[in-house]
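**Q** Structure below; questions to follow.
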Amino acid sequence: MKQTASRTSAKGKSTIFKLLLGLYQPQKGKILLDGSSPDAHPKNQRHFLAICEQGVALVDGTVKGQITLYDDTITAEMIDKDLALVGLTDIAKNLPQGLNMPVSDINLLQGQLQLLMIARSVVCDPQILLLDEMTASLDRETEAKVLKAIDAASSGRTVLSISHRRGAHDGRIIKL
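Going by full-length UniProt numbering, the sequence shown opens with residue 1, and the numbers climb by one from there.
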């Protein structure tokens with residue numbers, strides 16, 4: 001199921017995601033995901049709910065570390081599946097040190113970084129995927145590649161996306 005919230009900039013769309021992630025607390029009422037508070041199971045949160053944002057948030061270390069966030073439960077097979085899903089297999093294979101290449105030693109284009117962030121978000125196979133303005137800063141050609149990866153990553157999960165550009169995502173559009 002795909003849902004896109006659409007509204008002009010600075011109108012609270014991202015706040016909805018922060019509430020779902022438990023980063024903000026509601027002023028009234030409560031938010032429940034599958035019957036539990038968003039912060040009830042932080043250890044397993046990546047397996048239930050994941051977010052992929054417009055900005056690229058790299059961590060120190062290797063390309064592999066960007067995807068796994070150093071979670072030892074993530075297997076090589078999971079990573080390989082993820083890289084194929086987002087179309088980064090060839091790039092990863094051509095790195096001199098493969099996935100063990102320090103991220104600071106490579107120059108990835110903005111679109112490739114976005115694809116890497118999508119891979120990070122779906123590696124744990126979350127039930128719900130939150131996409132926050134994923135294509136806002138991309139040119140049309142790169143946007144098409146990222147949208148293709150998002151479409152592949154959306155299979156079998158609920159996807160909630162935020163976009164101020166109508167038509168950036170398919171599925172149901174909710175105008176806020």
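All C-beta atoms, glycine included, are put in the ideal place defined by N, C-alpha and C.
Which of helix, strand or coil does DSSP assign to Glu143?
**A** Counting from 1 along the sequence shown, the entry for residue 143 is found at position 143. It is helical.
**Q** Can you tell me where the alpha helix (DSSP H) with Asp82 in it begins and where it stops?
**A** Counting from 1 along the sequence shown, the entry for residue 82 is found at position 82. Residues Ala76 to Val86.
**Q** Rounded to whole angstroms, what is the Cα-Cα separation between Ile70 and Glu141?
**A** Taking the first residue of the sequence shown as 1, we reach residue 70 at position 70. Taking the first residue of the sequence shown as 1, we reach residue 141 at position 141. Per the sequence shown, the amino acid found at residue 70 is Tyr instead of Ile. Computed Cα separation, rounded: 32 Å.
**Q** If you measure from the CB of Ala152, is any heavy atom of the ligand COA nearer than 7 Å?
**A** Only the bare structure without any ligand can be found here, which leaves the ligand COA out of the picture.
**Q** If we require 3 or more residues per run, which beta strand (DSSP E) segments fall completely within the UniProt domain "ABC transporter" (11–136)?
**A** Listed in chain order, they are 49–53 and 128–132.
**Q** Mapping the DSSP letters down to three states, classify Ser154 as helix, strand or coil.
**A** Residue numbering aside, residue 154 sits at position 154 when the sequence shown is read from its first letter. Residue state, collapsed to three classes: helix.
**Q** Rounding to the nearest angstrom, what Cα-Cα distance links Leu20 and Ala136 in this structure?
**A** Taking the first residue of the sequence shown as 1, we reach residue 20 at position 20. Taking the first residue of the sequence shown as 1, we reach residue 136 at position 136. Distance between the alpha carbons of Leu20 and Ala136: 22 Å.
**Q** If I measure Cβ to Cβ from Phe17 and keep anything under 8 Å in the same chain, skipping five residues before and after, which residues do I get?
**A** Numbered from its first residue, the sequence shown carries residue 17 at position 17. The residues are Ile51, Leu130, Asp132, Leu160 and Ile162.
**Q** Compute the Euclidean distance between the alpha carbons of Leu23 and Asp60, then round it to the nearest angstrom.
**A** Position 23 of the sequence shown, counted from the first residue, corresponds to residue 23. Position 60 of the sequence shown, counted from the first residue, corresponds to residue 60. Between Leu23 and Asp60, the C-alpha separation is close to 23 Å.
**Q** Please state whether the Cβ-Cβ distance between Pro126 and Leu49 is less than 8 Å.
**A** For the purposes of this step, residue 126 is taken as the residue at position 126 of the sequence shown. For the purposes of this step, residue 49 is taken as the residue at position 49 of the sequence shown. The answer is yes: Cβ separation under 8 Å.
**Q** If distances are taken between C-alpha atoms only, which option among Leu138, Asp151 and Lys145 comes closest to Val56?
**A** Taking the sequence shown and counting its residues from 1, the one referred to as residue 56 is at position 56. Per the Cα distances, Leu138.
**Q** Nearest to Met117 by CA position, among Ile79, Leu95 and Lys30, is which residue?
**A** Working through the sequence shown from its first residue, we reach residue 117 at position 117. Residue Ile79 is the option with its Cα nearest to Met117.
**Q** Closest to Gln114 by CA distance: which of Gln27, Gln54 and Asp72 is it?
**A** For the purposes of this step, residue 114 is taken as residue 114 along the sequence shown, with counting starting at 1. Minimum Cα distance to Gln114 is reached at Gln54.
**Q** Expressed to the nearest angstrom, what Euclidean distance is found between the alpha-carbon atoms of Gln97 and Thr158?
**A** Mapped onto the sequence shown, residue 97 falls at position 97. Mapped onto the sequence shown, residue 158 falls at position 158. The straight-line gap from Cα to Cα measures roughly 35 Å.
**Q** So, is Leu112 buried or exposed, given that buried needs 16 or more other C-beta atoms within 10 angstroms?
**A** Looking up residue 112 in the sequence shown gives position 112. For clarity, residue 112 is Gln in the given sequence; the question names Leu instead. Buried.
**Q** State yes or no: is the C-beta of Ala153 within less than 8 Å of the C-beta of Val122?
**A** For the purposes of this step, residue 153 is identified with residue 153 of the sequence shown, where counting begins at 1. For the purposes of this step, residue 122 is identified with residue 122 of the sequence shown, where counting begins at 1. It is a contact, given that the beta carbons lie within the stated cut-off.
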